[in-house]
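Peer 1: When we follow our numbering, the leftmost residue of the sequence shown carries the number 130, and every step to the right adds one.
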Amino acid sequence: MSIFAKTVSHTKLAIPEGRSAPLAESILSRDLLHRAFAFRGRFIATPPGQGPDEADKLRQDKWRRIVKAFGGLKSRYEIGERIFELAVNCCERLKESSVESERMDEFRANLENLGPEHIIVDLPALKADAIRILARYPNGALKVPEFSFNPVKWADAYELQKRTGYIFCPRSIVPIISVASRIFFLREYGVTMAVEADGYIKAAQAISSTWLTALIARGVIDEEAAKHLSSARFSLLSVRASDLKIPEEWITANPDLAYETAHQLNKCLRGGLTASHLEALGKVIAAICELTNTWFSSGRATRDLDDENALQQFLKEGLELQRLKTQEGSVVGGGKLDLFVEDAVLVENKFHDVAKHPDRIANAAGMQGRRYAIALNSQLVFVIAAYKPAAGRFPDKWQTMEVREISASDPNRAEIRFTLPYGAVLPSSEKAK
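#1: In the DSSP assignment, find the unbroken alpha helix (DSSP H) run with Ala216 in it and report its ends.
#2: Relative to the C-alpha of Asp472, which residue among Leu444, Leu509 and Lys479 is closest?
#3: Taking the alpha-carbon of Cys219 as reference, which of Phe511, Glu377, Ala323 and Ala309 has the nearest alpha-carbon?
#4: Using a 10 Å radius around the Cβ and a threshold of 16 neighbouring Cβ atoms, would you call Asp385 buried or exposed?
#5: Whose C-beta lies closer than 7 Å to the C-beta of Ile350 among residues of the same chain, with five residues either side of it excluded?
#6: With C-beta atoms as the reference, is His163 less than 9 Å away from Cys298?
#7: Thinking Val413 and Phe511 are a contact (beta carbons under 8 Å), I'd like their distance in whole angstroms, please.
#8: First and last residue of the alpha helix (DSSP H) that includes Thr390?
#9: Please classify Leu344: does DSSP put it in a helix, a strand, or coil?
#10: To the nearest angstrom, report how far apart Thr390 and Ala370 are at their CA atoms.
#11: Using only the alpha-carbon positions, how far apart do Asp190 and Ala416 sit?
#12: Where do the ends of the beta strand (DSSP E) carrying Pro550 lie?
#13: Please report the residue range of the beta strand (DSSP E) in which Met530 lies.
#14: Would you say Leu315 and Gly209 are within 9 Å of each other, going by their C-beta atoms?
#15: In whole angstroms, what separates the C-alpha of Leu161 from that of Ser359?
#16: With Leu240 as the anchor, note down where its alpha helix (DSSP H) starts and where it stops.
#17: Please state whether the Cβ-Cβ distance between Leu440 and Ile513 is less than 9 Å.
#18: Taking all protein chains shown into account, decide if Leu553 is buried (16 or more other Cβ within 10 angstroms of its Cβ) or exposed.
#19: What did DSSP end up calling Ile305 once you bin it into helix, strand or coil?
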C-alpha cells in the first residue's frame, strides 16, 4: 500500500502514475470512505394500502433485480461511474439555479479531483449451499446430518432481511453522492428506501426542498420523482396482467395476450410505474381496445380514411366519451396531433397508405414522447397507426396490439402500438371476385 501511495519506492518496482495514489494515501491515513447510501431488501418502501404478502412480493421482485444488476465487479464499477456522472450533473444544474453555488463548486472540484473510482459500490456475497459434510451416526452409518433448520431457508431470510449494500465515497462528496444514488435507484429500479435506511448512512435524512425544486426546473427529475424522493417515499409497481383491462373477447382469442403484454411492458419499463399511472394505463388500454372494437364493428376497417386529422378526431371523441381526461399535445408542449390522456399517457396517431408490413409503419413514432416529462422518466406512448392493408391481409382485433421498446439506450420508455386497417377488402369479397 505504501508503494502505491508513493511513500515507499523500490528500484525494481515502478508504479505508473494514476489515481491509485490518493486512494492508497487515504487508506494509510485512515481517511476512510463513508456510507452515502444503504440498500437492503427489507428497506424497500412499498406503496400504502398493500397487504403484507403483496408488499413482500414487491420487495422480493425489486431486490432480485438489484442483486442481479450488482452481480459482478465490472457491473458495480459501471454503476459507480453512472452515479458519479449523475452527481456531476446535479452539481452543474444546481449551480445554474444559483443554489449554494460555492458549495456546488466545491463538490464539483472534489469530484473532478477524485474520479469515479472513489465511488465504491458494495454488496456482500451470498453463499449458502446445502450441507454436504458426512457425519457418523451411533449405529456406524455415514450420512448427511439432519438439522432442525434448513440452512438454505435461513440464507434466504438473511438475503431479504439482513444483506445490506452500500455506496461508499470520500467524506467531502457524501451529500451529493447520496442524492445522486437515490435518484439513480429510483430511475433504474423504481426503488426508494424507507426512512429506516437513513440511519445507516452519513448523510442528511432528507433531500433539501430547494435542491429538489432546482433539479425539477433543470430537468434532472420531474415532479413525480421529487415526491418519491421526499414526501411519498415508496417504490414503483410492476405491471400485472390484471392491470391491463384487455377485453375478455381478446383474451379468449389469445389466452396469453395479457401475460405477454405485461411481460413486455415490464421489460421496457424497468423502473415500474406509480399506482396512479398504472391505473391510467389500464384505463387507456381498455378505452383503446373498445375503440378498436368500434372501428371494426362500425365498418371503418373497410371504409376510406381521409387523413391523420380524421383519425385524431375519432380517437379524441372516443376517449372523451369514455370520460377520460384528454388534452391535445399542443396544450402540454407537444405536437398538435398528439393526445395526452389521464395526465400520464401520450397517444400519437399516424396515417399510412397501402402497407404490406404494418409493423414497419412510423417506427420512430414512440420517440416523440421524449418531448414530455412524464412519470418518473418512464413514459407510456400509445401509437395508433392507421394503414390500408395489402390484398389478402386482414388482422383479427387482438392482433392489432403490440408492445415495443422505444430505445435500447433509454430503457424506461414503452410504446404500445395499435395498427388499425382502413379501406380493406374483406377476404370474402376477394373470393367473390
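Cβ atoms here follow ideal geometry from the backbone N, Cα and C, with glycine treated the same way.
Peer 2: Quick answer:
#1: Start and end: Leu202 to Glu225.
#2: The shortest C-alpha separation from Asp472 is found at Leu509.
#3: For Cys219, the closest C-alpha among the options Phe511, Glu377, Ala323 and Ala309 is that of Ala309.
#4: Result: exposed.
#5: Result list for Ile350: Ile312 and Leu344, in chain order.
#6: Contact: yes.
#7: For Val413 against Phe511, the beta-carbon gap comes to about 7 Å, under 8 Å, which counts as contact.
#8: It spans Leu386 to Cys397 - the alpha helix (DSSP H) in which Thr390 sits, taken as one unbroken run.
#9: In the three-state scheme derived from DSSP, where H, G and I count as helix and E and B as strand, Leu344 is classed as helix.
#10: Answer to the nearest angstrom: the Cα atoms are 7 Å apart.
#11: Distance between Asp190 and Ala416, taken at the CA atoms: about 30 Å.
#12: Per DSSP, the unbroken beta strand (DSSP E) holding Pro550 starts and ends at Arg542 to Pro550.
#13: From DSSP, the beta strand (DSSP E) with Met530 extends over Met530 to Glu534.
#14: No, they are not a contact pair.
#15: Near 29 Å, if we compare the C-alpha coordinates of Ser359 and Leu161.
#16: For Leu240, the enclosing alpha helix (DSSP H) starts and ends at Ser230 to Leu243.
#17: Cβ atoms of Leu440 and Ile513: closer than 9 Å.
#18: Residue identity differs from the one stated: residue 553 is Ala in this sequence, not Leu. By the 10 Å Cβ count, Ala553 comes out buried.
#19: For Ile305, the secondary structure class from DSSP, reduced to helix, strand or coil, is helix.
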